[in-house]
Structures are given as C-alpha cells and as structure tokens.
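Same order as they appear, the protein sequences are chains A and B.
If you count the first sequence from 1, you need to add 115 to reach the working numbering.
If you count the second sequence from 1, you need to add 115 to reach the working numbering.
The structure appears right after this line, and notes come after that.
2 protein chains.
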Amino acid sequence: MRCSIITIGTEITKGFILDSNSNFLSKQLGIIGVDVRFILSVGDNKKEILDVLKFAYENTDLIITTGGLGPTADDLTRDCVSEFFGVEFVLSESILESIKQKFRKYTNMEMPEINVRQAYVPKGGIIIENSVGSAPGYIIRKENKTLVSLPGVPQEMKTMFNDFLKGYISDHILKRDKREFFLKVLGMPESKLDEIISQLGMEYNTIADYGVVDAIFYFRNDEFDEAKSKVKSFLTDKLSDSDVVFFFSDDLEDIPSFVKKEFLSKGIKLSTAESMTGGYLSQMLTSVPGATEYFLGGVVSYSDASKISVLKVKEETIKNYFATSLETTIEMAKNSLEIFQSDMSIAITGIAGPGTDSSKKEIGTVYIVAMMKNGKYLSKELKLFGNREKIRSSASLKAVELAIKLIRLESKNENSGV
Amino acid sequence: MRCSIITIGTEITKGFILDSNSNFLSKQLGIIGVDVRFILSVGDNKKEILDVLKFAYENTDLIITTGGLGPTADDLTRDCVSEFFGVEFVLSESILESIKQKFRKYTNMEMPEINVRQAYVPKGGIIIENSVGSAPGYIIRKENKTLVSLPGVPQEMKTMFNDFLKGYISDHILKRDKREFFLKVLGMPESKLDEIISQLGMEYNTIADYGVVDAIFYFRNDEFDEAKSKVKSFLTDKLSDSDVVFFFSDDLEDIPSFVKKEFLSKGIKLSTAESMTGGYLSQMLTSVPGATEYFLGGVVSYSDASKISVLKVKEETIKNYFATSLETTIEMAKNSLEIFQSDMSIAITGIAGPGTDSSKKEIGTVYIVAMMKNGKYLSKELKLFGNREKIRSSASLKAVELAIKLIRLESKNENSGV
Numbered sequence: 116m117r118c119s120i121i122t123i124g125t126e127i128t129k130g131f132i133l134d135s136n137s138n139f140l141s142k143q144l145g146i147i148g149v150d151v152r153f154i155l156s157v158g159d160n161k162k163e164i165l166d167v168l169k170f171a172y173e174n175t176d177l178i179i180t181t182g183g184l185g186p187t188a189d190d191l192t193r194d195c196v197s198e199f200f201g202v203e204f205v206l207s208e209s210i211l212e213s214i215k216q217k218f219r220k221y222t223n224m225e226m227p228e229i230n231v232r233q234a235y236v237p238k239g240g241i242i243i244e245n246s247v248g249s250a251p252g253y254i255i256r257k258e259n260k261t262l263v264s265l266p267g268v269p270q271e272m273k274t275m276f277n278d279f280l281k282g283y284i285s286d287h288i289l290k291r292d293k294r295e296f297f298l299k300v301l302g303m304p305e306s307k308l309d310e311i312i313s314q315l316g317m318e319y320n321t322i323a324d325y326g327v328v329d330a331i332f333y334f335r336n337d338e339f340d341e342a343k344s345k346v347k348s349f350l351t352d353k354l355s356d357s358d359v360v361f362f363f364s365d366d367l368e369d370i371p372s373f374v375k376k377e378f379l380s381k382g383i384k385l386s387t388a389e390s391m392t393g394g395y396l397s398q399m400l401t402s403v404p405g406a407t408e409y410f411l412g413g414v415v416s417y418s419d420a421s422k423i424s425v426l427k428v429k430e431e432t433i434k435n436y437f438a439t440s441l442e443t444t445i446e447m448a449k450n451s452l453e454i455f456q457s458d459m460s461i462a463i464t465g466i467a468g469p470g471t472d473s474s475k476k477e478i479g480t481v482y483i484v485a486m487m488k489n490g491k492y493l494s495k496e497l498k499l500f501g502n503r504e505k506i507r508s509s510a511s512l513k514a515v516e517l518a519i520k521l522i523r524l525e526s527k528n529e530n531s532g533v
Numbered sequence: 116m117r118c119s120i121i122t123i124g125t126e127i128t129k130g131f132i133l134d135s136n137s138n139f140l141s142k143q144l145g146i147i148g149v150d151v152r153f154i155l156s157v158g159d160n161k162k163e164i165l166d167v168l169k170f171a172y173e174n175t176d177l178i179i180t181t182g183g184l185g186p187t188a189d190d191l192t193r194d195c196v197s198e199f200f201g202v203e204f205v206l207s208e209s210i211l212e213s214i215k216q217k218f219r220k221y222t223n224m225e226m227p228e229i230n231v232r233q234a235y236v237p238k239g240g241i242i243i244e245n246s247v248g249s250a251p252g253y254i255i256r257k258e259n260k261t262l263v264s265l266p267g268v269p270q271e272m273k274t275m276f277n278d279f280l281k282g283y284i285s286d287h288i289l290k291r292d293k294r295e296f297f298l299k300v301l302g303m304p305e306s307k308l309d310e311i312i313s314q315l316g317m318e319y320n321t322i323a324d325y326g327v328v329d330a331i332f333y334f335r336n337d338e339f340d341e342a343k344s345k346v347k348s349f350l351t352d353k354l355s356d357s358d359v360v361f362f363f364s365d366d367l368e369d370i371p372s373f374v375k376k377e378f379l380s381k382g383i384k385l386s387t388a389e390s391m392t393g394g395y396l397s398q399m400l401t402s403v404p405g406a407t408e409y410f411l412g413g414v415v416s417y418s419d420a421s422k423i424s425v426l427k428v429k430e431e432t433i434k435n436y437f438a439t440s441l442e443t444t445i446e447m448a449k450n451s452l453e454i455f456q457s458d459m460s461i462a463i464t465g466i467a468g469p470g471t472d473s474s475k476k477e478i479g480t481v482y483i484v485a486m487m488k489n490g491k492y493l494s495k496e497l498k499l500f501g502n503r504e505k506i507r508s509s510a511s512l513k514a515v516e517l518a519i520k521l522i523r524l525e526s527k528n529e530n531s532g533v
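What follows is the structure, given as structure tokens:
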C-alpha cells in the first residue's frame, strides 16, 4: 500500500510553522504496514493543491491530507478534493448541529456563520468525527484509490487518527487481521537487538532513534495474547542478562510516559540536579501529564557558585576536580536527595559546547549519577557527539536510562534478599 | 521566484526523523524574497526521486534538494540529478584531497574508499564548500532553472546556506541589491504592529509565531545604514509607549539569544523558580551557548513539598492561597533571589493540564513574577490556550517578556533618576 501525505497551508511553505503532522502519520502508518512514499507540502493555492493531488493520485494508492479544513476562504481542501475527485460536498445538518453545540459548550458563544462551511461533507463519503475541534474529516474511495482528509491542528489530527483512522485503514483498506506489540530498548544498538529478536522467527520491524530502539511485533488477532507472552518471556530472559533498559507496551509510547510508569509502580519519588542540561531533563520528565505524582523537583545549578551555594557542593571538590567531574556529580546527586527528601536523584554535569569550560575537557563529555537514598548509586562518563541541542537531549536520555537501571537493580536485590 | 524544496531520505518518509531542514530553508528563503511553493519529501528510491524532480522542475524555477549526498549506495541524489539534468559528474581531485584531510584531522583515520563518491561534482556546476562535513554541495543552472543540492545533516546544510547559498541566490539569481533588517516584538498582535509599521511607508514583511512577531525590512544596500536608523528611531519612539518588548537585529535571531544579550548588556545575573513549566524556561534560556555568563540556575519545585522545603515558600501561603497563585509565585521569586544570590529572578506557577490541581483553577491559568533584588517586581496572571506543551512554552515565553520589561523599566528609572 503506497501512500502520499499532503500537508496543506502557506504557514508551512513559508516556514512559519514546522510540519510535525507528516512525521507523526509516517511513523504510525509505517507501523501498521502502510508505505509512505511521498510527503508533499503545499500552500493555500488552489492550482497548486490540485497539482499535488494529481501527483499523489498518479503515484500512490492512499492519499492523506492534513490542513485546509478551516472555515475561512483560504481553506481550500474541500473545494480541491471536490473538483479533483468529482465528488459533491453537501451540508450535513447533524454535523452543523454538533459544531453549533461545541461552540456553545467550549467558547460560550454562538457559532459564527462562517463555520457553516465546515459542515459540508462529501456525498457518499465516510465521515470522521472530530471530538477535539470543529471540522470533521472524511474518507473518499474511488477506483481502488482512497483519499482521507484530516484537520491540520495536531491535536485534532492525532486524536482522529488514533481513535478511528488507524483502525479503519487496518480493517478496511489493508484488511489486516494483525495487531502490534511494542518493545522499547535503551542503550543497545539496533543491529544487536535485531540479532536477538530474529531468533524468535517472528514478523517484526525496528525503528532506531538516537539511543532508543523500538521493535514492533505483528501478531494475528486470534494468536495475540499467546504470541505476546511468548515474546515477552523470551526477550525478558535474553535482555535481562545484558546491560539494557527495556519496556513492553501495546502502544508506541514515549520515554517520559514509560519513566513515569516505572517510578509510580515502585513508589519512588525523584529529584534532579542538572548543570549542562540546564533543565532539559526536568522539562522532558514533566512533559507528560501526571509527572507530579513521582517528580518532586530539581535544581538547575548552571553556575559554579550555585553548585556551591544551592546544591552545597564542597568548594574543594570543584577546585580539585572541576565542576564537570564525577566527584562533583556525585555530590550533586547526594545533596539533591537531601534537599528534596526524595527516594532517588539524578545528577548531570558536562560540556554541551560549542566552548569548553575550566576543566578543558572535550565537548560532549558528560557525567551522570543516579543515586538511591540508601547511598547506592550508578555512574557513567560519556563522550557524546553532535551539536549543543543533540548533546543536551542525549545526556538527558542517558540519565533516564541509568536511573531505571538502578531502580531495577535495587528491586532485584530486594527480591533476592541481597 | 517560485521554489521547490526536496528533502531526500527514507528516514523522513518512514517518520524516523522529523524534517526540520525544509522549515529552516522556507523561512530563510522567504526573507530574501524566494517564494517556496512546494516542499517534497521522498525516500531513497531512484524512480521516485526522479518523479519528484520532474514535478519540481515543471512547476518551479529554483529547486533545492537536501540529503542523499552521503557515500553509501542508498545516497542517490548525485545519480538522479545527473540523469535528470543530463549533467556529467566528474571526480574533483582537490575536493578528494580536502575530504581526505578532514578525515585525518577530525577522525584520526584515513578516508574510507567509499567516500570517494563524495568528491564527484557536476561538470560546469558551482561547488559549495562544506566546512562542517565531508560532502560538498553544488549548483547547476539550465534553461533559466536552477538546482541546488545540499547535504541532509542540518548543521552542514545550515552553515552552507548561511555562508554561501543565501548570498549567491540574492546576488546571482534574484539579482537583489537589498539587505534585510529585523525587528522582533513580544506581546503585540501582528495586526497592531502592522498598523504602526505601515506608517513608515517602507517595504516590509511580518512573521507571527505564538506571541512573537518578526518584522523584516528590506533596504537598498546603498541606503541601508540611513534607512535602518530611521526605522529604529521611529519604532523605538512608537513602541516604547506601548507595553511591549522589542529588539532590533541584522539577522533573524531566536529569543534565547536576545535574552542573553539583554542580560549581559546590563550585567544582570538571573535565577529562576519554576513549577508548571518544570524546567522548560531554564532549558530554553540555556539552549544558547554562553548562557552561563548570566544564568546562575534555578529550582524546579514541581511538588508543593519542594516549594516549602527547597524554595522556602511559607506553608500558610500555599494553604491559604494554593500553590498556583500570585502569592506563592511572589514568594518563589523572592526566595530564588536569595538562594542564588542573583540580581533578578523569574518565578512561574500554573496549570498545564490536562488535569487541574487543588486550586481547581482553569487549565492554562499561569502566574508569572519577575523580581529585582531591590524588591521591585512585575507580575502577570494569564489564561493560556492550547495543549500541555503549548501552555508550557507560551508561559516560558511570557515570563521572558515580563523579565525584559522589568529590566527596561528599571534602567529607565535609573536614567531618569527616579
């Protein structure tokens, strides 16, 4: 199933906003077996939208558009699709009523007349309900080709994809009888993980993204539960021996969600002490709702003075070992535990570049310490590559990896009575 | 000048990486007057790259490709461009030598034989040197159409665009005799700013992006300095009366860079105290090199307990007014000054959603306080819209706006002897 994604809006071609919709859709479609061949972005221009629709129609079987479903005159998706596919758009009284109700409920005002446009839907098409915003989406099928239009607002688009479109494509277009099961692994190269998984002799795919590898397994619906437990027990066995952190899931989840689950399940409260990452780790952890249930807070000690005055790192430690050192990082972790009265802390120092610091260490040098309140800790010295942003994000990810490793080590020791 | 951007690589169409190159190029090209009409992403597939090249060639005058210039077999840009444009690629001994030297210098190893491919350049084309990585770029002109190929690595692509391509397009393709001058305004709607700027009767453009508006002025080279000071003095006059923060610049710079300049020029050291933003503000400020020169650090007090124990907010304050309140935020700002011995502090509390907190206030409610060590402060209560991520980023941006407002207010008072 060859697919084109078309993202529509002059704000994209002018570079005013970064198109993240196509990235989300490509990844999600890839997982269920749809092969995205082209991503085409075009401004709010009728001729050019038609040009792109034609290109997509000639070269692929499934076309998904996002954007251009708003109520204003520059929202041209409905017009262009109607013209290109020769499909009439008709007013749906029930959708109009639902849009009117949403306006009353969420904005406390009557629906502006202009929004009537959003209640027009393709005759004979399938309507995709929009529970988050006003414009519904739709599906049109013609000569073995399928066109889907979704709104451009990421939250609306994602909700409609997850709640309806993903299942529709699986069941009705791909006619799949399979479901996915996910494994997320931190700290193992893709090729190495592949070697292990391939021993299972099952259908799978891997996605590698800077230190994180997702493996996707495809099981037949009627074999799902059995196959899932087989995979889980085989891999738990294989991976537990190696030095990696891994999670299983029925969905493709992000790292902060996994971290939250891990800490909550063990009832561990976390605090941080960040230098070079400057708050990157905290904001990553708190990007997920409910992080407050395990994350108490952190100190961003960006200057040496604040390491001493706020985090109570000894002056001699910094003098003797520099601010970027294992010794300083250990003290930061220890004092973070005390200051926040947490069960566990993560501390990071390092050099994000482009310049180095008084330690004259190489750019990309990073020290990470994860410490339990009983004093046990794991530490790591890393040499990371890339630009400033890349180094900050990689360091934060590695810190999370180390913290989870420590949690699992501790719980293993407890269970085994050590 | 109608332009297509083609980003090449299966990692994009599979959704493994987010294409940010096209966003950077669209914005930068828009500023110098190139009209990007299509952004086309395609995988490493010869037929499909040729399909996209054909579409771009038929519909636009300038084509810029990124990616596919690496040394491996799936890097097909050179082959495809050669075939499509009928241009022969020949080995450049001098580029080969320079690639060999880079390998010795940066990796301490000899150039692998496979990298020879990167020394092939189009006969009669213009070569764009790559000072950051190994693959050079090139420009081919044919029948009034121009094709440019740049590497896909963002840092290489950006450096080559800024150092060479931007000027080349301006001077040789657009034949412009103009230069740009930028104004960045926080906290004023685009339409309102437009009203003021239009009084100047000059050529300009505006870009609005969630609370920040950039205005771009176009002056003839020979009139640049004079026009610039005219614009500066007119707008300084008009905008100083209003309640906004604004900056002038010869380049399109980001907010953290402006903030750094502002604090450094006044010699003010900053600390933060963040609740709902969870470190978002700190990591934003420290995303720019050299932030350490003014940013001392911050506390992320995500839990009520840490507000009390670490930031020393009085228990009664939280009990009487809730954690999300002006009263709590003021105490956080005050105590951050003391803890970090800073000249100024910024504190934020609020509700990022999707749930609310014990205060039962609406999602998007945010309190911000910016305070000088003399005790003077500005505060703001906001109702922000959008999802969790949006609310966190908007709150951080608004906090920066308030802080700079306070700096300017204070320095005005000092100057006027108040």
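Virtual Cβ for every residue (Gly too), placed ideally from N, Cα, C.
In this text the structure is predicted, and so the values were computed from the model without any measurement.
If you check the beta carbons only, do residue i and residue j fall under 8 Å apart?
i	j	result
A/Met226	A/Gly252	no
B/Ala467	B/Met391	yes
B/Leu102	B/Ile243	Any property of residue 102 of chain B remains undetermined from this structure, which presents chain B solely from 116 to 533.
B/Ser440	A/Leu411	no
B/Leu165	B/Phe199	yes
A/Ile154	A/Ile120	yes
B/Pro266	B/Thr128	no
Buried or exposed for residue i, going by 16 or more other Cβ atoms inside 10 Å?
i	result
A/Leu521	buried
A/Met224	exposed
B/Ala485	buried
B/Leu350	buried
A/Phe500	exposed
A/Glu295	buried
B/Thr122	buried
A/Asp366	exposed
B/Glu525	buried
A/Ala188	exposed
Beta-carbon within less than 7 Å of residue i's beta-carbon, same chain only, minus the 5 sequence neighbours each way: which residues are those?
i	result
A/Val415	Glu389, Gly393, Gly394
Please decide whether residue i counts as near chain B, where near means a Cβ-Cβ distance under 8 Å.
i	result
A/Phe410	yes
A/Leu301	no
A/Glu504	yes
A/Ile322	yes
A/Gln314	no
A/Lys527	no
A/Val533	Confidence at A/Val533 is low in this model, with a pLDDT of 45, below 50, so its placement is unreliable and the value that follows should be read with caution. Cβ-Cβ to chain B under 8 Å: no for A/Val533.
A/Lys260	no
A/Gly201	no
So what does DSSP say about residue i, is it helix, strand or coil?
i	result
A/Tyr221	helix
A/Ser135	coil
A/Leu367	coil
A/Asn277	helix
A/Leu400	helix
A/Val328	strand
Between residue i and chain A, is any beta-carbon pair separated by less than 8 Å?
i	result
B/Ser421	yes
B/Tyr417	yes
B/Ser494	no
B/Val185	The identity of residue 185 of chain B in the sequence shown is Gly, whereas the question assumes Val. So no, B/Gly185 is outside the interface.
B/Gln456	yes
B/Asp166	yes
Near residue i, what residues of its chain come up, given a Cβ to Cβ distance below 8 Å and the 5 sequence neighbours on each side ignored?
i	result
B/Tyr436	Glu442, Thr443
B/Ser397	Thr387, Glu389, Phe410, Gly412, Gly413, Val415
A/Tyr235	Arg193, Phe204, Val205, Leu206, Ser207
B/Glu126	Ile132
Ignore the nearest five residues each way along the sequence and tell me which others in residue i's own chain have a CB closer than 6 Å to its CB.
i	result
B/Val403	Pro371, Ser372, Lys375
B/Lys434	none
Considering only heavy atoms of the ligand SAH, does any lie closer than 7 Å to the CB of residue i?
i	result
B/Cys195	With respect to small molecules bound, the structure shown includes none, and the ligand SAH cannot be examined in it.
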